[in-house]
Amino acid sequence: MRVVILGSAAGGGLPQWNCRCPNCHLARTEPNRVRPRTQSSIAVSADGTDWLLVNASPDIRQQFFDNPVMHPREGLRHSPIRAVLLTNGDVDHVAGLLTLREGQPYTLYGTGSILDSVADNRVFDVMAEGVVVREAITLGMRFEPLPGLAVTLFAVPGKVPLWLEDASMELGAESETTVGAMIEADGRRLAYIPGCARVTEDLKARIAGVDALLFDGTVLHDDDMIRAGVGTKTGWRMGHVPMRGDAGSIAGLKDVAIGSRVFVHINNTNPVLVEGSPEREAVEAEGWTIAHDGLTLSL
Ligand code: MLT
Ligand code: MN
Ligand code: ZN
């Protein structure tokens, strides 16, 4: 299995268009200290030829340009992307669907509720009926978006997308709105979980033994955004478990057998983004990799 991390940042990217936080400033002025990163997306292939895109980032056009394996290969119109899977309906995971139009056929997969939130927005009708097939997937049902590549979706603690929040919103709910994907090829297993509000026993049992885990690295501490002075929201309020703390992902997953541990969906305020920072080195010393755009894994 080949995995390309197309975009390793959370919503907003790095630098974020309107942000002058220290990380965003460094990404503009000293990119060797804070590498710029695009918004959250990966591509996975069993054969290196046909690819499954998991989450369609607003930066998808740039991501495809930057990764030659995503370039059209034959005829006048072509894409190595044959299938697209959504793990939630957040803007950073669906806005790229607007770029994936132009009459290119592929199948769009997601849970019923994620596909409903796409269908409710008529702008997504640019993925024309009869060209793009939309297929709703039941949690726990193993399906093959591409020959040789199998996927099973499972609920993780989360919340509805920011743009669907209302008074009835439940933080940390496990439902079809936020899912992880277990992706298998040739007996190798990748767990991709870019958004997760809490590490639960269920989650640990599900991912035990995977060859690689790509996990929610939005915030280092629950109050990163408050510490950075850019906002009042905690990680919990945004549906993202912090890396650090007794209830954090590093401690929570420490004793779970996992081949490679990689943080993705990293918010631009996260101190681990600074190369060589104490925060970065401490997280790496715990066996975690901080993803950057273009990082590839061969499983
Ligand atoms: C998130 O991951 O919390 C969302 O992408 C936030 C957003 O929609 O901007
Ligand atoms: Mn996000
Ligand atoms: Zn910033």
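All residue numbers for the sequence shown refer to the UniProt record's numbering, where the first residue is 1 and numbers rise by one. For glycine and all other residues, C-beta sits at the position ideal for the given N, C-alpha and C. Since the structure is predicted, the reported quantities are computational estimates derived from the model, not experimental observations.
Between ASP293 and ALA228, the alpha-carbon positions lie close to 23 Å from each other. Of PRO271, THR296, LYS159, the smallest CA-CA separation from VAL34 is found for PRO271. Secondary structure in the stretch 4 to 34: the alpha helix (DSSP H) runs of 4 residues or longer, each lying completely within the stretch, are 22 to 29 in chain order. ALA247 sits exposed, since fewer than 16 C-beta atoms from the chains shown fall within 10 Å of its C-beta. Buried is the label assigned to ARG198, since at least 16 other Cβ atoms lie within 10 Å of its Cβ.
For MET141, the CB stays at least 6 Å from every heavy atom of the ligand MLT.
Ranked by Cα distance from ALA83, the first of LYS204, GLU74, LEU97 is LEU97. Separation of the CB atoms of LEU153 and ILE137 is rounded to 6 Å, and the pair is thereby assigned contact status at 8 Å. For the set ALA208, ASP59, MET70, the Cα lying nearest the Cα of ASP50 is the one of MET70.
Of all residues, those with a beta-carbon under 5 Å from at least one heavy atom of the ligand MLT are GLY11, ASP90, VAL91, ASP92, LEU162, MET238, reported in chain order.
Taking the Cα of VAL44 as reference, the smallest distance to any Cα among LEU162, ASN121, SER168, ASN67 is reached at ASN67.
Check the Cα spacing between PHE64 and each of GLY75, ILE81, LEU76, GLY48: the tightest is with ILE81.
The ligand ZN never approaches ASN121 closely enough for any of its heavy atoms to be under 6 Å from the residue's Cβ.
The closest heavy atom of the ligand ZN lies 6 Å or more from the beta carbon of CYS196.
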